[in-house]
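J.:
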Amino acid sequence: MKTTRVYAPASIGNVSLGFDVLGAALTPVDGTELGDVVEVKEADVFGLTVSGPFAHKLPPGEDNNIVTLCYAHFMEEMVKLGKPVHHVAMTLYKNLPIGSGLGSSASSIVAAFQALNVHFDRPFDDNQLLLMMGELEGQISGSIHYDNVAPCFLGGMTLMTGDKDQVTVSLPVSPSWYWVICYSGISVSTSAARDILPKEVDMATALTFGRQLGVFVHALHSQDFTLAASVMNDVIAEPYRKSLLPGFDEARSFSMAQGGLAFGISGSGPTVFAVCDNAENAEFIREWLQANYVQNEDGFSHVCRIPQKGTVEQQVKE
Ligand code: HSE
Numbered sequence: 313m314k315t316t317r318v319y320a321p322a323s324i325g326n327v328s329l330g331f332d333v334l335g336a337a338l339t340p341v342d343g344t345e346l347g348d349v350v351e352v353k354e355a356d357v358f359g360l361t362v363s364g365p366f367a368h369k370l371p372p373g374e375d376n377n378i379v380t381l382c383y384a385h386f387m388e389e390m391v392k393l394g395k396p397v398h399h400v401a402m403t404l405y406k407n408l409p410i411g412s413g414l415g416s417s418a419s420s421i422v423a424a425f426q427a428l429n430v431h432f433d434r435p436f437d438d439n440q441l442l443l444m445m446g447e448l449e450g451q452i453s454g455s456i457h458y459d460n461v462a463p464c465f466l467g468g469m470t471l472m473t474g475d476k477d478q479v480t481v482s483l484p485v486s487p488s489w490y491w492v493i494c495y496s497g498i499s500v501s502t503s504a505a506r507d508i509l510p511k512e513v514d515m516a517t518a519l520t521f522g523r524q525l526g527v528f529v530h531a532l533h534s535q536d537f538t539l540a541a542s543v544m545n546d547v548i549a550e551p552y553r554k555s556l557l558p559g560f561d562e563a564r565s566f567s568m569a570q571g572g573l574a575f576g577i578s579g580s581g582p583t584v585f586a587v588c589d590n591a592e593n594a595e596f597i598r599e600w601l602q603a604n605y606v607q608n609e610d611g612f613s614h615v616c617r618i619p620q621k622g623t624v625e626q627q628v629k630e
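So the sequence shown is numbered by the working numbering: it starts at 313 and just counts up by one.
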């Protein structure tokens, strides 16, 4: 019986300057598989198996797993379309830490929906899948935002449009930028990290946010990457969230002093990222963050690029 296997990469939400509307996929340069994997095959009854380094941190019980919720949602949409359905057995390889700011829930959700879509001969197009992925992400984090699911699914750097007919557009990225990421090892819940933010922003902050995002998009399209890096500042979340991240200010100071072009919180943290335009600086910053920002044995640090492709269908030996 055929097994469909899909890998979905880690991602950076917000990218500092685009709260809830900008995201980028990640691939470590050393070939590490930094993303969850979901397998689907036909079965008599639904079943979910979980394994992988972070499986033990998931809420116990099949019914509480996001992959089961994805399956239920996908089947409902299939029935609405009048498509034939059957039960499947699913396996989640949980490679990303939970509450890390690396788009861990998005990675499980994206891998699950894409594996189901491939298994059922692609009944939904990318935009329809993205809407479903956003809805499930919203169930976990408390509000619908696509800044992790979109880059995780489609790859590259993606900007959300607010239009349901075309949820996201792709932005050009600098071919010379390295993205150093460091997960400290502690867990920060996205909904808690959203709850500490003010419900309204003042006029000056709104103007800075809009100016930076506009300049950033212009700079990427005109390949002025120095200008792009100069506006990568988080005026919405970082001032509040950094209190949840021990060692954040020191990590920023070190990275920027060592040639970092920009530094910020990945998603809702605690992962941080530094942007560099050469491999030596990136590796030097990675080593420092690994030694100084990591708090326990779960933490790690990688030098990454932004891959053009998001999900990857992997061959399974039967
Ligand atoms: N944009 C989201 C946030 C990313 O910052 O809350 C985390 O899912």
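Quick reminder that beta carbons are idealized off the backbone N, C-alpha and C, glycines included. Just so we're clear, the structure is a prediction, and the values are computed from it rather than from any experiment.
Tell me whether residue 373 is buried or exposed, calling it buried when 16 or more other Cβ atoms sit within 10 Å of its Cβ.
T.: The count along the sequence shown starts at 1 and reaches residue 373 at position 61. Residue 373 comes out exposed.
J.: Tell me residue 614's beta-bridge partners as DSSP assigns them.
T.: Working through the sequence shown from its first residue, we reach residue 614 at position 302. In DSSP, residue 614 forms a bridge with 493.
J.: Answer yes or no: do residue 578 and residue 493 have a C-beta to C-beta separation smaller than 8 Å?
T.: Here residue 578 refers to the residue found at position 266 of the sequence shown. Here residue 493 refers to the residue found at position 181 of the sequence shown. Going by C-beta atoms, residue 578 is nearer than 8 Å to residue 493.
J.: Tell me the DSSP secondary structure of residue 342 in three-state form.
T.: Position 30 of the sequence shown, counted from the start, is the residue given in the question as residue 342. Coil, per DSSP.
J.: At a cut-off of 7 Å, would you count residue 549 as near the ligand HSE, judging by its Cβ distance to the nearest heavy atom?
T.: Position 237 of the sequence shown, counting from 1, holds the residue named residue 549. The answer is yes for residue 549.
J.: In this structure, what does DSSP give as the bridge partners for residue 353?
T.: On the sequence shown, residue 353 is found 41 positions in, with the first residue counted as 1. Residue 353 pairs with 401.
J.: Is residue 411 helix, strand or coil by DSSP?
T.: Within the sequence shown, the letter at position 99 stands for residue 411. Reduced to three states, the DSSP call for residue 411 is coil.
J.: Contact between the stretch 519 to 529 and the stretch 324 to 331 is defined here as three or more beta-carbon pairs at a separation below 8 Å; is this criterion met?
T.: yes
J.: Where does residue 585 fall in DSSP's three states?
T.: Residue mapping note: residue 585 aligns to position 273 of the sequence shown, counting from 1. Strand.
J.: Report the CB separation of residue 446 from residue 458 in whole angstroms; it is logged as a contact under 8 Å.
T.: Position 134 of the sequence shown holds residue 446. Position 146 of the sequence shown holds residue 458. Between residue 458 and residue 446 the Cβ distance is about 5 Å, and since that is below 8 Å, they are a contact.
J.: Which word fits residue 352, buried or exposed, when buried means at least 16 other C-beta atoms lie within 10 angstroms of its C-beta?
T.: Taking the sequence shown and counting its residues from 1, the one referred to as residue 352 is at position 40. Under this definition residue 352 is a buried residue.
J.: Residue 570 by DSSP, collapsed to three states: which one?
T.: Sequence index remark: in the sequence shown, residue 570 carries index 258 (1-based). Looking at residue 570 - three-state DSSP - the assignment turns out to be coil, as it is neither helix nor strand.
J.: Can we count residue 460 as close to the ligand HSE, meaning its CB is less than 7 Å from some heavy atom?
T.: By one-based count along the sequence shown, residue 460 stands at place 148. Yes - the ligand HSE has a heavy atom lying nearer than 7 Å to the Cβ of residue 460.
J.: If you drop the 5 nearest sequence neighbours on each side, which residues of the same chain put their C-beta closer than 7 Å to that of residue 501?
T.: Reading the sequence shown from its first residue, position 189 is the one you call residue 501. Once the five neighbours on either side are set aside, the close Cβ partners of residue 501 are 411.
J.: In whole angstroms, what separates the C-alpha of residue 370 from that of residue 528?
T.: As a working mapping, residue 370 is identified with position 58 in the sequence shown. As a working mapping, residue 528 is identified with position 216 in the sequence shown. Cα-Cα distance, rounded: 37 Å.
J.: State the CB to CB distance for the pair residue 464 and residue 419, rounded to an integer number of angstroms; the pair is presumed to be in contact (CB under 8 Å).
T.: As a position in the sequence shown, residue 464 is number 152, starting the count at 1. As a position in the sequence shown, residue 419 is number 107, starting the count at 1. Residue 464 to residue 419, Cβ: 6 Å. Contact.
J.: For residue 611, which residues of its own chain have a beta-carbon under 6 Å away from its beta-carbon, when the five flanking residues on both sides are left out?
T.: Taking the first residue of the sequence shown as 1, we reach residue 611 at position 299. So the list reads 495, 496 and 497, once near-sequence residues are dropped.
J.: Within the same chain, show all residues whose beta-carbon is closer than 8 Å to that of residue 342, passing over the 5 residues directly before and after it, in chain order.
T.: As a position in the sequence shown, residue 342 is number 30, starting the count at 1. Around residue 342: 614 and 615.
J.: With distances taken from CA atoms, which of 563, 554, 561 and 572 is nearest residue 542?
T.: Here residue 542 corresponds to residue number 230 of the sequence shown, with the count starting at 1. Comparing Cα-Cα distances from residue 542 to each of 563, 554, 561 and 572, the minimum goes to 572.
J.: How about residue 489 and residue 587: do their beta carbons lie closer than 8 Å?
T.: Here residue 489 is taken as the residue at index 177 of the sequence shown, counted from 1. Here residue 587 is taken as the residue at index 275 of the sequence shown, counted from 1. Yes.
J.: For the candidate residues 538, 454, 483 and 431, whose alpha-carbon lies nearest to that of residue 619?
T.: Residue 619 sits at position 307 when you count from the first residue of the sequence shown. Comparing Cα positions, the closest option is 483.
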